């Protein structure tokens with residue numbers, strides 16, 4: 001059996017939901033369907049989730065927000081009418097949202113989570129209702145009923161292990177299950193959401209729970225591309241990726257698939273297929289545990305900006321046991337996470353997402369490093385970009401680094417940092433933001449043209 | 001004024017000490033002379049320090065060791081005779097050593113430190129005596145009298161800051177000062193030594209204390225070479241190096257100059273000149289704060305073996321604040337220092353001098369990492385070598401990495417790891433030990449031929 005998840009654009013309108021229906025209906029093994037809230041119909045459109053957030057903010061601020069409430073309901077009404085459904089389902093949705101908005105607001109985080117999650121929840125009800133109208137035995141399944149239990153962390157909940165056991169029962173239901181993405185419940189029964197875009201996570205957890213043969217993730221592109229199409233003209237499509245490759249690419253800017261969503265599938269060994277709702281016959285991109293070996297060392301090139309570095313030097317640093325650990329402790333004290341710590345003999349550089357927006361905090365950190373670690377020099381640099389070349393093939397091919405660094409040198413890109421660990425699935429280059437596009441283009445030319 | 005330090009081979013025989021005398025005498029600004037214990041006269045010879053260590057071990061084990069005692073005294077006697085000195089100085093030395101060996105052994109570390117240090121101490125007395133015999137106003141200066149105060153760490157003492165103020169007074173003495181290297185005293189008056197080869201450190205501290213214009217370090221090679229002459233045929237001589245370059249090179253296997261010895265000179269901004277006692281007219285290698293810019297990006301290539309790596313992977317590692325810090329904490333709990341921590345997204349590799357000789361300890365560490373950090377995978381790899389290309393010129397030259405990685409690829413050396421920090425004075429490559437020589441040769445060819 002397959003678990004199929006349909007994203008926001010796949011549910012944005014009646015026409016799109018008809019496509020979803022046809023896709024599901026064309027393959028009897030597509031048994032469990034996860035849906036997002038209706039997304040954008042055109043680029044300037046507003047997603048239902050964003051309408052709901054405004055709605056919740058209005059209610060929290062003013063105790064009401066009729067205009068915002070109406071905007072949400074009218075999106076569902078329009079879809080229901082387009083699908084030729086009776087008014088009944090719109091009544092169900094509008095009543096549900098109304099009660100939610102006028103309900104308990106004593107805990108604003110809980111309130112916000114519940115209102116946001118209603119986007120997926122009501123959409124699942126609507127889609128189930130359409131499937132039924134088409135004569136398909138389908139049923140809406142609430143995450144509460146299914147036992148999708150999450151940790152009590154609003155907006156960044158994590159799945160609890162007992163969920164998988166609970167979800168296994170979904171295998172045996174005779175109907176096609178329509179399941180809302182993005183949220184679940186704490187063991188105490190409170191609704192909590194994943195991080196934004198978390199419907200991918202729901203689908204992955206369900207696939208792991210029911211031990212699906214495949215987790216299909218339907219979105220609005222034919223496949224994952226080897227580079228960002230905004231930077232590289234018509235980049236190659238990637239037909240197959242390993243979990244690790246996908247993970248590394250999505251870390252560095254590939255946003256096709258929520259990176260947390262890989263974990264449940266990865267741990268359960270379930271392959272993922274990213275497909276296009278608008279072109280379902282295209283094979284899409286498969287994400288698997290182990291992909292066939294190729295001669296091509298690099299499968300994709302990703303880049304991301306907004307990094308900063310803290311360079312710390314101290315003569316004979318490498319003789320001091322605990323220097324690096326104490327440096328990281330100082331950053332942890334400020335709640336800062338870090339990405340990488342390339343080091344020379346007497347220097348270490350901490351690369352992080354630029355969390356140093358506040359000059360005062362930056363000065364405090366620099367002061368602590370200088371004073372507590374007796375550092376000779378501490379230099380903060382903003383405006384860095386990370387570029388990652390990814391491929392399992394690198395493991396077996398001598399000279400990938402040489403090709404990459406030569407391509408960067410030819411493009412006159414100065415490499416601020418290289419991080420190549422022993423895994424050899426990726427090599428990361430730190431460059432100045434101004435060089436980012438040039439660098440990606442040069443690397444793409446080298447490895448794909 | 002200059003501080004000149006003469007190493008073991010420069011003091012190994014009467015002939016060598018005559019060279020020392022001529023060098024000092026030829027330049028009236030050479031005012032403070034630091035001497036090592038007599039070293040090897042030929043490659044199979046034994047250093048006086050090693051004779052002394054055997055001696056101390058005999059006395060500790062058996063309460064006596066006449067043969068070993070005689071071996072030491074006869075070395076001094078031979079030198080004194082060669083220098084046509086009266087028997088008086090040999091009596092002074094033999095009595096001093098006899099009293100030392102038959103003195104307090106209640107603290108074996110203190111006893112060992114004192115016996116070892118007597119090698120330098122008695123040699124300084126002997127050299128002063130020779131200078132006087134040649135009509136030069138010279139005097140032996142004891143580190144105690146001079147106020148060279150060290151931390152109480154046998155065999156790895158660190159200079160205490162008040163030493164510099166104390167040593168300043170040596171400037172004003174009218175005589176040429178002959179100062180024994182390698183040891184000093186705790187504020188409580190106990191003799192303690194630096195780490196092995198620490199006479200370089202004494203010289204550097206004296207140079208900083210008297211604010212010398214130059215610290216001359218006399219050894220037995222004309223200069224520092226751009227690569228290890230045992231690996232590369234007739235490597236280029238290096239005429240000038242920055243402190244940082246020297247530091248990075250000596251870290252990775254360049255043993256011409258004790259790396260700790262750079263600190264006092266570096267902090268006081270005193271240039272260092274490494275020269276050859278056997279060819280004093282050669283300009284040697286200068287080590288300075290800032291060297292003139294050159295077009296040559298790389299000044300030297302060093303390599304060292306005996307490294308190990310611990311590779312740790314965990315899905316979504318990079319989202320966990322504190323993962324790296326806790327990993328380092330585990331190693332610290334075992335008293336292990338580490339060198340570098342290159343990292344991917346979900347993996348981190350700890351590179352260390354191979355301290356994992358004990359399989360049982362290795363297993364314990366791996367177990368703790370797996371259990372406490374819930375790591376997916378932990379892999380220990382032994383037999384790694386680090387190769388370092390060093391040069392201030394890299395800072396200004398795009399493409400050094402490209403040249404290096406291309407050269408390694410051509411030589412079919414697989415790069416296990418690259419560590420290039422933001423300092424850009426060095427790039428480090430981790431390779432398998434079997435590839436070390438091939439790699440150094442390939443890099444030397446690329447940057448020097």
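Residue numbers (the UniProt record's numbering), protein chains in the order written: chain Y, 1 to 449; chain H, 1 to 449. Ideal Cβ positions, reconstructed from N, Cα and C, are used throughout, including at glycine. This structure is a prediction, so every number in the text was calculated from the model and none was measured.
| said: Please state the DSSP three-state secondary structure of residue 33(H). | reply: Reduced to three states, the DSSP call for residue 33(H) is strand.
| residue 117(Y) to residue 432(Y) span [Cα, whole Å] | 39 Å
| From residue 182(Y) to residue 300(Y), what does the alpha carbon distance come to, in whole angstroms? | 28 Å
| task | Compute the Euclidean distance between the alpha carbons of residue 450(Y) and residue 37(Y), then round it to the nearest angstrom. | result | No statement about residue 450(Y) is possible, as the shown extent of chain Y runs from 1 to 449 and does not include it.
| Nearest-angstrom beta carbon gap, residue 274(H) and residue 298(H) [assumed within contact, 8 Å] | With a Cβ gap of about 19 Å, residue 298(H) and residue 274(H) do not count as contacting.
| message | Strictly under 7 Å for the Cβ-Cβ distance: is residue 158(Y) near chain H by that measure? | response | Interface criterion not met: the Cβ of residue 158(Y) is under 7 Å from no Cβ in chain H.
| said: So, does the stretch 216–231 of chain H touch the stretch 434–442 of chain H, judging by three or more C-beta pairs under 8 Å? | reply: yes
| C-alpha gap between residue 262(Y) and residue 403(H), whole angstroms | 38 Å
| Comparing alpha-carbon positions, which option in 107(Y), 271(Y), 124(Y) lies nearest residue 490(Y)? | Nothing in the structure corresponds to residue 490(Y), since chain Y is present only between 1 and 449.
| task | Return yes when the Cβ of residue 302(Y) is within less than 7 Å of the Cβ of residue 249(Y), no when it is not. | result | yes
| task | Kindly provide the ranges of any alpha helix (DSSP H) runs that are 4 or more residues long and lie completely inside the UniProt domain "ACT" (389–449) of chain Y, ordered along the chain. | result | 400–410, 436–448
| said: Which residues in chain Y have a C-beta closer than 8 Å to the C-beta of residue 341(H)? List them in chain order. | reply: 324, 341, 343
| message | To test your reading of the DSSP string, which unbroken beta strand (DSSP E) runs of 3 or more residues are found completely within the stretch 263–304 of chain Y? | response | Runs found: 272–276, 285–288.
| query | Does the distance from the CB of residue 378(H) to the CB of residue 348(H) come in under 7 Å? | reply | Against a cut-off of 7 Å, the Cβ pair of residue 348(H) and residue 378(H) comes out as no contact.
| field | Contact belief for residue 97(Y) with residue 72(Y) at Cβ below 8 Å, rounded distance in angstroms | value | About 6 Å separates the two Cβ atoms, so the contact holds.
| Beta-carbon of residue 231(H) versus every beta-carbon of chain Y: anything under 7 Å? | no
| Measuring CB to CB, does residue 327(H) end up less than 7 Å from residue 338(H)? | no
| request: Would you give the residue range spanned by the beta strand (DSSP E) that residue 217(Y) belongs to? | output: 214–219
| What residues match up with residue 191(Y) in a beta bridge as DSSP calls it? | 185(Y)
| task | Could you tell me which residues DSSP pairs with residue 385(Y) in its beta bridges? | result | 431(Y)
| said: Just to confirm the assignment, what range does the beta strand (DSSP E) spanning residue 5(Y) have? | reply: Its beta strand (DSSP E) spans residues 2–6.
| message | Our contact map puts residue 412(Y) next to residue 384(Y) with C-beta atoms below 8 Å; I'd like the distance itself, whole angstroms only. | response | Rounded, the Cβ-Cβ distance is 17 Å, inconsistent with contact.
| field | residue 414(Y) at chain H interface by Cβ criterion, 7 Å | value | yes
| field | At least three beta-carbon pairs within less than 8 Å, the stretch 157–176 of chain H to the stretch 210–225 of chain H | value | Segments in contact, yes.
| task | Could you name the residues of the stretch 55–68 of chain H whose beta carbon sits closer than 8 Å to any beta carbon of chain Y, in the order they occur along the chain? | result | none
| said: Is residue 406(Y) close to chain H? Criterion is C-beta to C-beta, closer than 7 Å. | reply: yes
| field | Contact residues within the stretch 121–145 of chain H, judged by C-beta distance below 7 Å to chain Y | value | none
| request: Name, please, each residue of chain Y whose Cβ falls closer than 9 Å to the Cβ of residue 419(H). | output: 342, 343, 344, 418, 419, 420
| query | How far does the alpha helix (DSSP H) with residue 15(H) in it reach, from first residue to last? | reply | 14–25
| field | Buried versus exposed, by CB contacts within 10 Å (16 or more), residue 63(Y) | value | exposed
| message | Whole angstroms are fine: how far does the CA of residue 247(H) sit from the CA of residue 450(H)? | response | Residue 450(H) lies beyond the residue range present for chain H, which begins at 1 and ends at 449; the question has no answer from this structure.
| field | Local Cβ density within 10 Å of residue 315(Y), reported as buried at 16 or more and exposed below that | value | buried
| In chain Y, what lies closer than 8 Å to residue 329(H) by C-beta? | Those within 8 Å of residue 329(H) in chain Y are 325.
| query | Between residue 308(Y) and residue 382(Y), is the Cβ-Cβ spacing less than 7 Å? | reply | yes
| task | Count the other CB atoms, across all protein chains shown, that sit within 10 Å of the CB of residue 395(H); report buried if there are 16 or more and exposed otherwise. | result | exposed
| query | Measuring CB to CB, does residue 296(H) end up less than 7 Å from residue 393(H)? | reply | yes
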